[in-house]
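Protein chains: 2
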Amino acid sequence: MEELEHPDRAGLRIEAVLAALDHPVRLRVVRTLADGEELTCRQILPEMTKSSASHHWRVLRENGIVEQRKQGRNLYMRLRRADLDARFPGMLDAVIDG
Amino acid sequence: MEELEHPDRAGLRIEAVLAALDHPVRLRVVRTLADGEELTCRQILPEMTKSSASHHWRVLRENGIVEQRKQGRNLYMRLRRADLDARFPGMLDAVIDG
DNA sequence: CCTATGGTTCGATTTGATTCGAACCATATC
DNA sequence: GATATGGTTCGAATCAAATCGAACCATAGG
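For the protein sequence lines, the chains are E and A, in the order given. Following our numbering, the numbering of the first sequence begins with 9 at its first residue and continues without gaps. Following our numbering, the numbering of the second sequence begins with 9 at its first residue and continues without gaps.
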């Protein structure tokens with residue numbers, strides 16, 4: 009398994025962020041992580057098939073929405089609030105509260 | 009031709025806004041209208057076929073991004089900045105500046 | 001080593017959005 | 001009325017994203 013690639017803060021693109029958030033499942037993931045908690049993938053989307061879920065994890069990670077961390081067999085996800093707030097102030101709150 | 013239907017401020021939905029903005033052509037339209045100017049459709053997208061352009065006009069209007077006004081043969085468009093800023097503070101600036 | 005669990009990858013299918021041409025509608029001008 | 005212009009609507013084609021099963025990889029625990 010290759011290393012998890014995340015764009016750095018300066019590499020965040022609004023087009024990518026919009027694309028990542030324009031999906032009901034991924035929007036729900038963002039709202040689930042809104043309180044800053046770090047959760048495993050299975051905790052967030054237990055009902056979805058593994059391959060579909062994995063697809064969404066990748067979109068969220070590569071487009072800079074979440075940071076993923078491997079620990080043992082689990083993959084933990086955390087919302088990149090600081091980075092997103094710094095680059096696109098207000099955006100994340102609008103999405104979460106909206 | 010039926011009347012142009014716009015959602016009111018309270019009817020703006022973040023999911024719809026994200027879907028409307030997640031397209032390069034529509035993102036360009038928003039940025040073109042960013043200074044508050046009111047422009048005709050043909051001024052904004054002169055190169056695109058009428059039917060494709062009309063499709064994007066409808067998405068932008070129905071999802072609350074722009075207000076459209078008919079005058080004579082022309083359709084004028086204006087960014088709904090006040091409404092979008094009120095409902096989703098920071099969102100529009102992030103998209104325009106991003 | 002063996003087994004179970006958590007995720008990824010691949011290929012194929014399905015679904016939804018975009019695109020376009022053609023026909024049409026509405027308004028302005030002659 | 002005739003003609004030109006600005007947009008809409010419809011249906012069909014095209015293209016991208018989402019979905020899924022199956023096979024695979026990695027780690028934890030016996």
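By construction, the Cβ of each residue, glycine as well, lies at the ideal position given by its N, Cα and C atoms.
Contact under 8 Å by Cβ, Gly-72/E with Leu-20/E: A contact, by the Cβ cut-off of 8 Å.
Span of the alpha helix (DSSP H) holding Glu-23/E? Where Glu-23/E is concerned, the enclosing alpha helix (DSSP H) starts and stops at 22-29.
Compare the C-beta of Glu-23/E against all C-beta atoms of chain A and say whether one is closer than 8 Å. The C-beta of Glu-23/E comes closer than 8 Å to at least one C-beta of chain A.
Candidates Asp-91/A, Ser-60/A and His-63/A, of which the one nearest Glu-75/A by Cα: Ranking Asp-91/A, Ser-60/A and His-63/A by Cα distance to Glu-75/A puts Asp-91/A first.
Out of Ala-61/A, His-14/A, Arg-69/A and Thr-40/A, point me to the one whose CA is closest to Asp-105/A's CA. Asp-105/A has its Cα closest to that of Thr-40/A, out of Ala-61/A, His-14/A, Arg-69/A and Thr-40/A.
Looking at the strands, I want to know which residues DSSP matches up with Arg-77/E. Partner(s): Tyr-84/E.
Chain E contact residues for Ala-90/A, given Cβ-Cβ distances below 8 Å: Within 8 Å Cβ-Cβ: nothing; Ala-90/A doesn't reach chain E, min ~15 Å.
Residues in its own chain within less than 7 Å of Met-9/A by CB, not counting five upstream and five downstream? Confidence at Met-9/A is low in this model, with a pLDDT of 39, below 50, so the placement of that residue is unreliable and no value is reported for it.
Can you tell me whether Leu-68/A is helix, strand or coil according to DSSP? Helix, per DSSP.
N-terminal and C-terminal residue of the alpha helix (DSSP H) that Thr-40/E is part of: For Thr-40/E, the enclosing alpha helix (DSSP H) starts and ends at 32-40.
Within-8 Å CB hit, Asp-30/E to chain A: Judged by the 8 Å Cβ criterion, Asp-30/E is in contact with chain A.
Can you tell me whether Ala-18/A is buried or exposed, with buried defined as 16 or more other CB within 10 angstroms of its CB? Residue burial is scored here from C-beta neighbours: Ala-18/A has fewer than 16 other C-beta atoms within 10 angstroms and is therefore classed as exposed.
Rounded C-alpha distance that separates Pro-32/E from Glu-11/A: If you take the alpha carbons of Pro-32/E and Glu-11/A, they lie about 30 Å apart.
Neighbourhood of Thr-181/E by C-beta, 8 Å cutoff - its chain only, sequence neighbours within 5 removed: Here chain E covers residues 9 to 106 and nothing more, so residue 181/E does not appear.
Rank Val-67/A, Ala-102/A and Gln-79/A by C-alpha distance to the C-alpha of Glu-13/A and give the top, closest one. That would be Val-67/A, whose Cα lies nearest to the Cα of Glu-13/A.
For the alpha helix (DSSP H) holding Met-99/A, just list the boundary residues, first then last. Per DSSP, the continuous alpha helix (DSSP H) segment holding Met-99/A begins and ends at 99-105.
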